[in-house]
Amino acid sequence: MNTYPALLIVAPLLAALFTGIFVWIEERLCYPIAVLGMLISSFSAYKILMAVLSAGVIHYRHAGWAPPMGIEYRIDTLNAMVLLLITLIALINLVASYKTILVETPDRSGSFITIYLLFVVGLLGVTATGDLFNLYVLLEITSLTSYAQIGLGDKDRGPLASLNYVFIGVIGASFYLLGVGYLYIKTGSLNMMDVATIISTMHDSNTVLVAFILCMIGVWIKMALFPLHVWLPNAYSYAPTAVARVVAPLMTKVMVYVMVRLMITVFGFDYIFSTLDLSAAVVWLATIAILAGGLMALAQKDLKKMLAYIIVSEIGYMVGGAWLGNTTGMTGTILHILNDAVMTFALFLAVGNMIYVCGHVGFDNLKGLFGRMPWTMGGFVLAAFSIIGVPPTCGFFSKWYLVLGAFEAGAYHFAAALIISSLICAILFFRIFEIGFFPEPSDGDDHAHAHHEPAVMVEAPVSMLVPLGLVSLSLIIVGLYSGTIVNTIILPMLQ
Amino acid sequence: MRLIGFIIVCICGGLLLYGTSEFPDWGDPASPASTHLSNDYIEKAFDQTQVPNLVTAVLADYRGFDTMFETAVVFCAGLACLLLLRDYSRKKERFYRHVPTGVILQVKHPEKKLPVGTEFEYMDKDWVPSDLIIKNVCRILIPFIQIYALYVVAHGDFSPGGGFQGGVIFGSSLILLAISYNLRTLVQRVKEKALGILCALGVLVYVGIGALCMPLGGNFLDYSALTRIIPWDPHHIRAYGMLGVEIGVGIAVMAVMVVIYINIASEGRHDEGL
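The listed protein sequences correspond, in order, to chains A and B. Per the working numbering, the very first residue in the first sequence carries number 16; after that it's consecutive. Per the working numbering, the very first residue in the second sequence carries number 178; after that it's consecutive.
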């Protein structure tokens, strides 16, 4: 059992380095090595989750040194869940995106797989670690690799979108690092648990307050909370398909996890909600984020851009839920990390299939898509229902907890924003369905027989459809097991 | 827009200053940073690791896991440069200079190449006449720079230095070759394939040493587990483990420096350049 927390991250890292070498020797070996690395990693994540559920928190000492001296992995049910989510999404995407990688980056697919694996390593490290500075180092890897991957996208606009992301991302990371620096000056420690113990006695310190604000702003920039979101839509919509599919569901969600981790483990609810009492302001901010994200999504003419703005809106859900200051809201946020990752992944898998077949996903290019790609659109519809929040898909349940939490806290504006956002999402997706169902007659088309021609099916390859099918079905399965997830994973950790 | 920027900068600066109001005094020996963990490091590090340089002990052993990922960051930077800048398209035309006469020839057929030697030399937009003094001075200097780089890597346990610094010095010696001669000379001597493999291999040395400790019964990067295969004092073996990972860091940093330089200087084309 002991080696799984290390294996979880070392397996993809070694796979990345071996692919980095085999790129130059025998490029065909890169892909199998990557899949093998991700399989080992997913298996480890599964084993870790099982172990945490049966035996409680796992501690793993890197280099064998005890925590405040060395670096420790501290895995409780929350990170175990997020770790399994990351490894599975990364693995499924690697399988589903094999063909798009070959099409979109034909002459550098080996190096692309290397950097993809390093990105996953970064996400896993950020999630598993119990050390504030180690978190920053892994965040740096995650960011650097995502800049590079996004820059490989759209020939004209990809590099520019990536450059904007670099500027804003670096500022975000610097804020976080400054916050950690302030904490270190005040506590002399970098281990999360150790820092938490020390600052529990200095709740009235200015330095801790500034450290808290800096860390939160840094994390908000990285997760694209509303006024700080400007890098996200372009970065996600001009990225290569294989990248958008993994960055969109995971990057922002892992940053929400970091925020939740800082709030629960490092600073503590007492400090945030009793001593500081910033809750009301942040919930208002989240409310604005939800509505602004939804309104900007309404103005889009491209499916990828629209989804990117929906992500901005979803970030508002999670930040607001976490800052409501009660267990129900926090439960909703943590459940939504899981659900939103799966929903967004399903949506982007479907969009990736459309791009593979149709070239681009401007609304004008989606006409009659139900006839041409029925399976892909089937998955898309399920994911869309989940985003809107139709039971029994999983999106409904986390939204339910969020709304309950909002009522419990008396934040009726937040509850209203959640419901309005559902309506906006319904409008957004039904507009897409309408375009997809009814092929508009083109100008001057008076040939009656044109409407009787059966649509020709041009579906995506099976290797792309099966992952989409699996993920869309899991939307319902996760939804049906929401109660179990809340009772065994989330609630024990919050108490 | 400028005004908003100015206001935000002022608020951030004010926030940072506000936070410093409770800082311990400058150099205060009783500050948390110098009491909480530092004492333990200072008192125990030499006994536990047999490395006289405490910085190296903290960097490569106590927090070796961080340093491993810092090396991976360097690798990412090199890889990102390669991915984004490398241009695999064939050059359409080439220029040559006939050395004795100074006549410049243009060859339009992509497959046809002139023999480059004493008679012809490559010619591109950044061509400069070769300078005898610069070339010879650098030729003498480069081997010494490289030996010094190896010394810095190997001596990191005992004095300031280590893999990052040594790697940078070694890499800069190769870049000096490219500056004093031309990029083509460097690319011919150090093949792109070799550099690409070295980038990953350097990090692999680090991760490999760490991973080797796991089947031997230790935690990841716990060098003392290596005593199972090298019968040595478990404290002393840590010093050698650190030397091993420092060498890995040195290789990776050296290769990445050169990869980044070549790709940026030649706009990813590798055959053109300074």
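Ideal placement from N, C-alpha and C gives every residue a C-beta, glycine not left out. Treat the numbers as computed from the prediction; the structure is a model and nothing was measured.
Would residue i be called buried (16 or more neighbouring beta carbons within 10 Å of its own) or exposed?
i	result
A/G336	buried
A/F182	exposed
A/M479	buried
B/N216	exposed
A/A81	exposed
A/D460	The predicted model places A/D460 with a pLDDT of 49, which falls under 50 and marks its position as unreliable; any figure quoted below should be read in that light. Label assigned to A/D460: exposed.
A/Y427	exposed
B/I159	Residue 159 of chain B cannot be examined here, being either before or after the span of chain B that is shown, 178 to 451.
A/V492	Val is not the amino acid found at residue 492 of chain A; the sequence shown has Ile there. Burial call: exposed.
A/A250	buried
B/V244	Looking at the sequence shown, residue 244 of chain B is not Val but Thr. Flag for B/T244 reads buried.
A/L443	buried
My output table needs one value for residue i: the three-state DSSP class, helix, strand or coil.
i	result
A/T144	strand
B/L214	coil
A/I86	coil
B/Q227	coil
B/V435	helix
B/H413	helix
B/L192	helix
A/G459	The predicted position of A/G459 is uncertain, since its pLDDT is 48 and thus under 50; no value can be drawn from it.
B/I407	coil
A/L205	coil
B/G340	helix
A/K114	helix
A/V372	helix
B/C390	coil
A/W390	helix
B/V367	coil
A/Y253	coil
A/Q164	helix
A/P174	helix
Answer with yes or no whether the minimum CB distance from residue i to chain B is below 8 Å.
i	result
A/K201	yes
A/N249	no
A/A113	In the sequence on display, residue 113 of chain A carries Tyr and not Ala. No, A/Y113 lies away from the interface with chain B (no Cβ there is under 8 Å from its Cβ).
A/F148	yes
A/L159	yes
A/G184	no
A/P83	yes
A/F363	no
A/V25	yes
A/T499	no
A/Y286	no
For residue i, decide whether its Cβ has a neighbour in chain A, counting only Cβ atoms nearer than 8 Å.
i	result
B/I374	yes
B/C187	no
B/C315	no
B/P411	no
B/Y438	no
B/T226	no
B/Y239	yes
B/K216	Before going on, a small fix: residue 216 of chain B reads as Asn here, not Lys. Closer than 8 Å: no.
B/E296	no
B/I184	no
B/S443	no
B/M431	no
B/L398	yes
B/F200	yes
B/E247	yes
Skipping 5 residues on each side, what residues in its chain have a beta carbon closer than 8 Å to that of residue i?
i	result
A/L29	G52
A/S220	K201 and I214
A/V473	V372, R387 and M388
B/E296	H275, V276 and P277
So if DSSP puts residue i in a beta bridge, which residue, or which two residues, is it bridged to?
i	result
B/F297	B/H275
A/D317	A/G377
B/V284	B/R271
A/I73	A/I90
Spatial neighbours of residue i within its chain, please: C-beta separation below 6 Å, excluding the five flanking residues on both sides.
i	result
A/L397	S487 and L490
A/A254	I165 and G168
A/G404	G410, F411, K414 and S437
Can you find the residues in the same chain that come closer than 7 Å, C-beta to C-beta, to residue i, ignoring five residues on each side of it along the sequence?
i	result
A/F148	V195 and L205
A/V225	Y197
A/I24	V136, L139, G140 and A143
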